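S.K.: 1 is the number of the first residue of the sequence shown in UniProt numbering; add one for each residue after it.
Where a beta carbon is used, it is the ideal one built from N, C-alpha and C, also for glycine.
Since the structure is predicted, the reported quantities are computational estimates derived from the model, not experimental observations.
Here's a structure for you.
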Amino acid sequence: MSNKGIFTLVLLGVLVLVGANTVFIVNEYERAVVLRFGALVNADVQPGVHIKLPFADRVRKFDGRILTADARPESFYTVENKRLIVDSYAKWRVKNVEAYYKATGGQEDVADARLASRVADGLRNEVGRRTLHEVVSGERDKLMEDLTAQMNETAMELLGVEVIDIRVKRIDLPDDVSESVFDRMAADREKEAREYRATGREQAEVIRADADRQRAVLEANAYRDAELLRGDGDARAAAIYAAAFNQNPDFYAFVRSLNAYRNAFNGSDDLLVVDPSSEFFQYLKNAEGQK
């Protein structure tokens, strides 16, 4: 290869190298700054294609999307001096690129650590002004809203980031307290269960007594109705007998005597001691029943 060809290749290589160090691209989800010999010359580069001085300027890019600062669980005390283990996280994104770069050097882990530390301090103050019930359920949403507004103002001023949301993932009692709390909860539930059982037994006795009363009333009414029916039947039977007797007294007396004979001599071993001249044998002596 001739010297001219070698020179051409070297020139092309230099041009490619210069071009690669001149043009840079910032994506839509990125934020960037331009440093010239270490000094900040462009604090907020917008997304798109840009040109910089080759070898003199250096581009630092940061993630412009919403990021999560996951804080480690911290121990806080309520206004009642009750200890809680709170696990929280914060959602944030870069808002002021210049302030963010100057405060953190563009390092996301540094921003996470500083933001988590300030969130922990804010949580400590908010929890310390509330009771256990308010922290766990009563004012939890308001606590998060107040803390988010407070941290957003502080983080914007000191770190150049916008705090979008702060949330508590979990609130636990310390291990040395959890067991006693669980025992107390179990005792409370057992007491409540005993009260329910006692109430159930009381209601069962009331229901059983009412059922016994209703049964007694039903049996009494049934016995009354049965006696009324039986009395009415006896009255009707007596009326029928009387009517039959009035129609033919002799025949009625004869039938009654036959029935008496049948009942008296029903068994083979029956023994009857009666005066032969009594009225019992009047139809055996005379067909007309005359003495």
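1) Curious, which full-length beta strand (DSSP E) runs of at least 3 residues does the segment 10-86 contain?
2) Distance, Cα to Cα, A155 vs E195?
3) Nearest to D109 by alpha carbon, out of E139, L84 and F62?
4) Which ranges does the alpha helix (DSSP H) cover as unbroken runs of at least 4 residues, wholly within the segment 131-215, from first to last along the chain?
5) Taking G122 as part of the alpha helix (DSSP H), name the residues at either end of that continuous run.
6) Taking V49 as the reference, give the member of E157, F24, A32 and A239 with the closest Cα.
7) If I51 sits next to K91, beta carbons under 8 Å apart, how far is it from one beta carbon to the other, in whole angstroms?
8) Let me confirm a value: S117 is counted as buried when at least 16 other C-beta atoms fall within 10 Å, else exposed. Which label applies?
9) Under 8 Å: do the segment 133-143 and the segment 29-38 share three or more Cβ pairs, one atom per stretch?
10) Look up K95 in the DSSP assignment and give the residues it is bridged to.
11) Ordered along the chain, which non-local residues of its own chain (more than five positions away) have a Cβ less than 8 Å from that of Y89?
12) Once the 5 residues before and after R236 are set aside, which same chain residues still bring their CB inside 6 Å of it?
13) Taking DSSP's pairing of strands, which residues face Y89 in a bridge?
14) To the nearest angstrom, report how far apart L115 and A193 are at their CA atoms.
M.R.: The short version:
1) 23-26, 30-36, 39-45, 48-51, 57-63, 67-70 and 74-77
2) Mapped onto the sequence shown, residue 155 falls at position 155. Mapped onto the sequence shown, residue 195 falls at position 195. Rounded to whole angstroms, A155 to E195 spans 54 Å at the Cα level.
3) Start at 1 with the first residue of the sequence shown, and residue 109 comes out as number 109. Checking every option, the nearest Cα to that of D109 belongs to F62.
4) 140-158
5) The sequence position of residue 122 within the sequence shown is 122, counting from 1. E108 to G128 is the extent of the alpha helix (DSSP H) around G122.
6) Walking along the sequence shown from the start, residue 49 turns up at place 49. The option with the nearest alpha carbon to V49 is F24.
7) By 1-based counting over the sequence shown, the position of residue 51 is 51. By 1-based counting over the sequence shown, the position of residue 91 is 91. With 8 Å as the limit, I51 and K91 do not qualify as a contact, their Cβ atoms being about 35 Å apart.
8) Looking up residue 117 in the sequence shown gives position 117. Exposed, by the Cβ-count rule.
9) no
10) As a first step, residue 95 is located in the sequence shown; it is residue number 95 there, counting from the start. Beta-bridge pairing links K95 to no other residue.
11) In the sequence shown, residue 89 corresponds to position 89, counting from 1. Here the set comprises T68, A69, D70, A71, I166, R167 and K169.
12) The residue given as residue 236 occupies position 236 in the sequence shown. If we look at R236 and ignore the five residues flanking it on each side, it has no Cβ neighbours.
13) For the purposes of this step, residue 89 is taken as residue 89 along the sequence shown, with counting starting at 1. Under the DSSP definition of a beta bridge, Y89 partners with D70 and R167.
14) As a first step, residue 115 must be located in the sequence shown, where it is residue number 115. As a first step, residue 193 must be located in the sequence shown, where it is residue number 193. Straight-line Cα distance between these residues: approximately 47 Å.
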